[in-house]
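In this note's numbering, the protein residues as written are 26 to 168.
Yeah, the Cβ is synthetic: ideal placement off N, Cα and C, and Gly gets one too.
What follows is a set of notes on a single structure, which appears directly below.
So, in structure tokens, the structure goes:
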């Protein structure tokens, strides 16, 4: 699970936005000040959950948790890799990049030739439309 903002509870205070280290939260409506979470930028740290005074940020069961169940990087076989948490993406398949022990960034499939990748990549591939631009941080690129 990743996180989502419940629009009917969000009061638009912005406390979640200020607490997010990856800038995954963005205003969706400037009049009401509602926020939404970009699941490709969110690293599931949960800091925003504790900052929300009305409990409007809850788990989203349609998304896997970064570094949690289903993430191949939790395997001891891949323990030498760290994830870019969608801050750096493969130009070919748009998956998040992984950093090896030597410090270089590569795509698990296109650059390293592995059969595994981030579970969020599978959802990206299944999506009928690109990630909505209003959910991306300013200057973000959905591809």
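Only residues of its own chain outside the window of five on either side were considered, and among them 76 have a CB closer than 6 angstroms to the CB of residue 40, listed in chain order. Between residue 135 and residue 121, the gap from beta carbon to beta carbon reaches 7 angstroms or more. Closest in C-alpha terms to residue 49, from the list 106, 139, 105, 112, comes 112. In the three-state reduction of the DSSP assignment, residue 94 falls in the coil class.
Here DSSP, grouped into helix, strand and coil, assigns residue 148 to helix. With contacts defined by Cβ atoms closer than 7 angstroms, residue 133 and residue 141 form a contacting pair. About 23 angstroms separates the beta carbon of residue 116 from that of residue 88, a gap too long to meet the 8 angstroms contact definition. Your pair residue 85 and residue 27 checks out as a contact, with CB atoms roughly 5 angstroms apart and the cut at 8 angstroms.
Residue burial is scored here from C-beta neighbours: residue 101 has fewer than 16 other C-beta atoms within 10 angstroms and is therefore classed as exposed. Here residue 76 is not bridged, per DSSP, to any residue.
Straight-line spacing of the CA atoms in residue 104 and residue 57 works out to 43 angstroms.
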